[in-house]
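Asks: Chains as they are written, first to last, in our numbering: chain A, 70 to 169; chain B, 20 to 128; chain C, 321 to 483; chain D, 153 to 641.
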Amino acid sequence: MVPLNHYLILSAVLFSIGAVGVFTRRNALIIYMCIELMLNAVNLTFIAFSKFLNNMDGHIFTFMVMTVAAAEAAVGLAIIISMFRNKETVNVDEINLMKG
Amino acid sequence: MMLLLAAGTAAGILVATTLIGPKKEFADKMEPFECGEHPIVSPKLRFSVKFYLVAIFFVIFDIEAVFLYPWAVIFKDLGIFGFVEMMIFIIILAIGLIYVWRRGALEWQ
Amino acid sequence: MFYIIGGVAVLSALIMVTNKKPVSAAMSLIVVMFCLAGIYVILDAHLIAALQIIVYAGAIMVLFLFVIMLLNIQEKEGRVAKHKIFFQFTWILATGYVFINMVKLIGAGDLPARMEGNIDGFGTTRVVAEILFTDFLLPFEIASILLLAAIVGAVILAKAKIE
Amino acid sequence: MEILIPTIKLATIYPEIIITTFAILVLLLQVFPTVIGKDYLGYTSLAGVILAAIITGQGGASGEGGEAIYSFSNMWVVDNYSRFFKLIFLLGTGLTILISIKYTKDEGINNGEYYSLLLFATAGMMLMAGGTDLIVIFLGLELMSISLYVLAGYVRKRLISNESALKYFLLGSFATGFLLYGIALLYGATGTTSLKGISGFISEASFGSPILIMGMLLLLIGFGFKIAAVPFHMWTPDVYEGAPSPITAFMSAGPKAAAFAAFLRVFIEALPSLQGIWVDIIWVLAALTMTIGNVIALVQDNVKRMLAYSSIAHAGYVLVAFVSTDKLGVASILYYMLAYTFMNIGAFAIVIIIGGKGEEKINLKDYTGLAYRYPLTAAAMCLFLLSLTGIPPTAGFMGKLYIFSAAIKSGYVGLATIAVLNSVISVYYYMKIILAMYMKEPESSVQHSPLVFTPAMIIALGLAVYGVLRMGIFPSAYISMAQQSYLSF
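1) Looking at C:I462 and the ligand MG, is the gap between the Cβ and the nearest heavy atom below 8 angstroms?
2) Tell me, please, whether the CB atom of A:N96 is closer than 9 angstroms to any CB atom in chain D?
3) Just to confirm, are D:G329 and D:L300 a CB contact at a threshold of 9 angstroms?
4) Which ranges would you report for the alpha helix (DSSP H) in the region 378-461 of chain D if only whole runs of at least 4 residues count?
5) Contact criterion: CB-CB distance below 9 angstroms. Does C:A357 meet it with respect to chain B?
6) How about D:S404 and D:Y255: are their beta carbons less than 9 angstroms apart?
7) State the DSSP-derived secondary structure class of D:S557, mapped to helix, strand or coil.
8) So, using beta-carbon positions, are A:A117 and D:G367 closer together than 9 angstroms?
9) In whole angstroms, give me the CA-to-CA distance for C:I324 and A:A139.
10) Kindly identify the DSSP beta-bridge partner or partners of D:D134.
11) Name, please, each residue of chain B whose Cβ falls closer than 7 angstroms to the Cβ of A:T10.
12) Which residues, taken in chain order from the region 245-261 of chain D, show a beta carbon closer than 9 angstroms to some beta carbon of chain C?
13) Going along the chain, which residues of the region 172-185 of chain D sit with their C-beta nearer than 7 angstroms to a C-beta in chain C?
14) By the three-class DSSP mapping on this structure, what secondary structure does A:N109 have?
15) Count the CB pairs spanning the region 227-237 of chain D and the region 277-291 of chain D that are closer than 8 angstroms, and state whether there are at least three.
16) Which residues of the region 371-387 of chain C have a Cβ closer than 7 angstroms to any Cβ of chain D? Give them in chain order.
17) What does C:F456 touch in chain A if you count any residue whose Cβ is under 7 angstroms from its own?
18) Identify whether D:N262 lies in helix, strand or coil by the three-state DSSP scheme.
19) Would DSSP call D:S214 helix, strand or coil?
20) For the pair the region 70-81 of chain B and the region 459-476 of chain C, tell me if three or more CB-CB distances fall below 8 angstroms.
21) Can you list the residues of chain C that B:F102 reaches, using a CB-CB cut of under 7 angstroms?
22) Short of 6 angstroms in beta carbon distance, which residues of its chain neighbour D:F536, apart from the five on each side in sequence? Order them along the chain.
23) Hey, D:G394 and D:K319: beta-carbon distance below 9 angstroms or not?
24) Less than 8 angstroms between the CB atoms is what I'm expecting for D:I335 and D:T344, so what's the real figure, rounded?
25) Take D:T124 as the anchor and find which of D:V470, D:I610, D:R235 has the nearest alpha-carbon.
26) According to DSSP, simplified to helix, strand and coil, what is C:V400?
27) If you measure between the beta carbons of D:A273 and D:V391, is that distance less than 9 angstroms?
28) Which residues, in chain order, does the region 293-310 of chain D contribute to contact with chain A at a C-beta distance below 7 angstroms?
29) Give the straight-line distance between the Cα atoms of C:P342 and C:I388, rounded to the nearest whole angstrom.
30) Short check: CB of D:T248 to CB of D:L270, under 9 angstroms?
31) Starting from D:Y580 and walking both ways along the alpha helix (DSSP H), at which residues does that stretch end?
32) Just to confirm, is the Cβ distance from D:P389 to D:R457 under 9 angstroms?
33) Chain B beta carbons: is any one of them nearer than 9 angstroms to that of A:L108?
34) Any beta carbon from chain B within less than 9 angstroms of C:L467's own beta carbon?
35) For a test of the three-state rule: what should DSSP assign to A:N155, helix, strand or coil?
36) From D:F556, D:L573, D:P607, D:V579, pick the residue whose C-alpha is nearest to that of D:I543; which is it?
Laid out in structure tokens, this is it:
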């Protein structure tokens, strides 16, 4: 049986990859993909704990996290679309009219 | 064990072809194939937003369906309480559907 | 078995972050999703594994590919201005370092007492359903309102003309 | 096997049900051509807010005894604490609706979805305030944030509105990622997600295992993003400036209070025994937030951006009260939040009036000589700014006094002095506006279009002015209400 720690390490690594990705990438879409990756890493932590704590709350929480991620994806991509409609770029660098 | 073997051979062959196979990448060869003529329009054509809107509705109502799966499993034991609970869920999302439909987001022409 | 899948997941996550073309980044994210579904099966979370594939790999990634296609993004990652590279490089180091020892910390932590006994049918839908529709009634209804708000929001922002 | 059906006390969530039904009602009215014209949608949503406020005010299920009533398998509570916060949210939303009725007509975004999303955001906030389980708090937070992402980017043709929505979305969901990871680790360490369960587990178990501390830190980061404490405040100025003004007013009052409500409840109810750790962190956060918020505000000339930084500074002041986790501290936070809602939304109302169509006139120079042309508006703006600084007769002064006394009583004299110093700094940049209004002559070069006052706007301003003065001059009623509403569990 693989001890719990390994699952936690895997999810922490995925989470860190996602977080680093959010800071280094400039394409808004890929930034959101990295955030989606982070949410998946959190789901993995929930399921790992739920298995080792032997109670089912973890599954319910993952259920809810998935619906939230889907709703957020729908809204977020709609924002990116409306952004693209005005200005033909998705790069976060070029989107800084309001520096100050 | 069998799985490893199968995966191994498949990967092996793949790697072999990429390594050994002749690779000449000159412009014509890399263009998307259009029966010999040079492609006129770039294949990545832009398509309008309504395709995207339908994708969103698919995602949202897919989640609704996902909530129905566990409900169907224990429908009998829940009795009236479970039924009312799910009806509230369905009605709220039906309102979403009515809104979208009346708002004209579903037109296709 | 877990180590293989875990390794593939980490690898494809790395590919996704460092990848130039958005489409292949989305593809590698889908690979990550499938690996995670595999891990959930190892953890006997069958319902969640099936869900992960249906919801994440199925719906959300389709949305991503749609948007990538829609926006027809060709431009490559432009070369970053000089000082920006330095700034980003230190940034990567900083967050990488913070998270690595986070990983160590989490890995080392002692674990709460493991409650004995295994609920029969640990990950099956029936057990999940029982809890979901009885104890967790309030989150269930809030989820429906959340989806309604998401639909309204998406329509307003994405629809071509709003009178 | 039979499944036990939990007893549901529906009465406990009447206010939320009302707000949601009104949101849906406004949505359907927008879509179906009905007798109510399009421009009355604002008033229907206002009716919903008032009705919900009455129900919350009169105690709903918890009766006058004020003791907490748990329901929904103890995930939901109706106690004085949550009722007080709900009144603050409803007040904020009501004022925002009043302000935005004229604004939405000018900007051409006068469709029902605007109001229904506003009501969805309020429902999300109320869920955050009343939830005693991490799941309910998380879902409420998400419902609120999603509605706000869309509202921030509502004026589609204006590029900065889009840009602020994108920034708010990216950083908001990034913060949610951290918050979730914190919740996951807390769940792992203690086995439950209910706040009571967590505190029970920690008190008897050995002192925090590394997972618990890590989870708490991540939770702190997630909430830090939401209340725009300094290390995580980068998104605030851009989003506040880009979003339409009524939404900025709403964002600076409602969601900030909701984030504080959940932040307070989680840290005081669930993690009391880890106090040693998080009190010092919050001490640092408070000091940083106040100083940086005030200092940057000094250099701003765009009034909206200045108010954004001042709202960061005010988050710092509330963190000062957070440090003293005793009864007085919590009561002072409640009081300050109510005062803050009044004065902040009032100030933004004036910014909207002067901003005019398309919101181009929001720089300092547009306020020059306002007193000569519109003495009443200038006086109201002056009152709000004085209250934001904390000058005696206003609610802001009482709020700050209350917070500083709570901080000093629990021994954080150092922090209180920093806070007082910051108030002095803030005097300067608020005075800049007042001076511009009163001292400088209106330059003829800048053409001033006549300011339009709609009845709704006048009611909003009147309410805000009344609130600021009422809480400033005879605050006893509100203080006792706040005192009674400390976390009674």
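C-beta atoms are modelled at their ideal positions from N, C-alpha and C, and glycine is treated no differently. Predicted, not measured: the structure shown is a model, and the values here were computed from it.
Replies: On the basis of the coordinates in this document:
1) This structure simply doesn't include the ligand MG, nor any ligand for that matter.
2) no
3) no
4) 387-394, 397-416, 427-450
5) no
6) no
7) helix
8) no
9) 28 angstroms
10) Nothing about residue 134 of chain D can be reported from this structure: the residues present for chain D run from 153 to 641 only.
11) No information on residue 10 of chain A is available, as it lies outside the stretch 70 to 169 that chain A covers here.
12) I261
13) T172, L179
14) helix
15) yes
16) none
17) I129
18) coil
19) At D:S214, the pLDDT of 45 sits below 50, so the modelled position is not reliable and the matter cannot be decided from this model.
20) yes
21) None at all; the shortest Cβ gap to chain C is about 10 angstroms.
22) M495, G498, A499
23) yes
24) That belief does not hold up - the Cβ atoms of D:I335 and D:T344 are roughly 11 angstroms apart, past 8 angstroms.
25) This structure does not reach residue 124 of chain D, given that chain D is present from 153 up to 641, and the question cannot be answered.
26) Only weak support is given to the placement of C:V400: the predicted model assigns it a pLDDT of 44, under 50, and the question is left unresolved by the model.
27) no
28) E294, I298, Y301, V302, G305, R308
29) 7 angstroms
30) yes
31) 565-590
32) yes
33) no
34) yes
35) helix
36) D:V579
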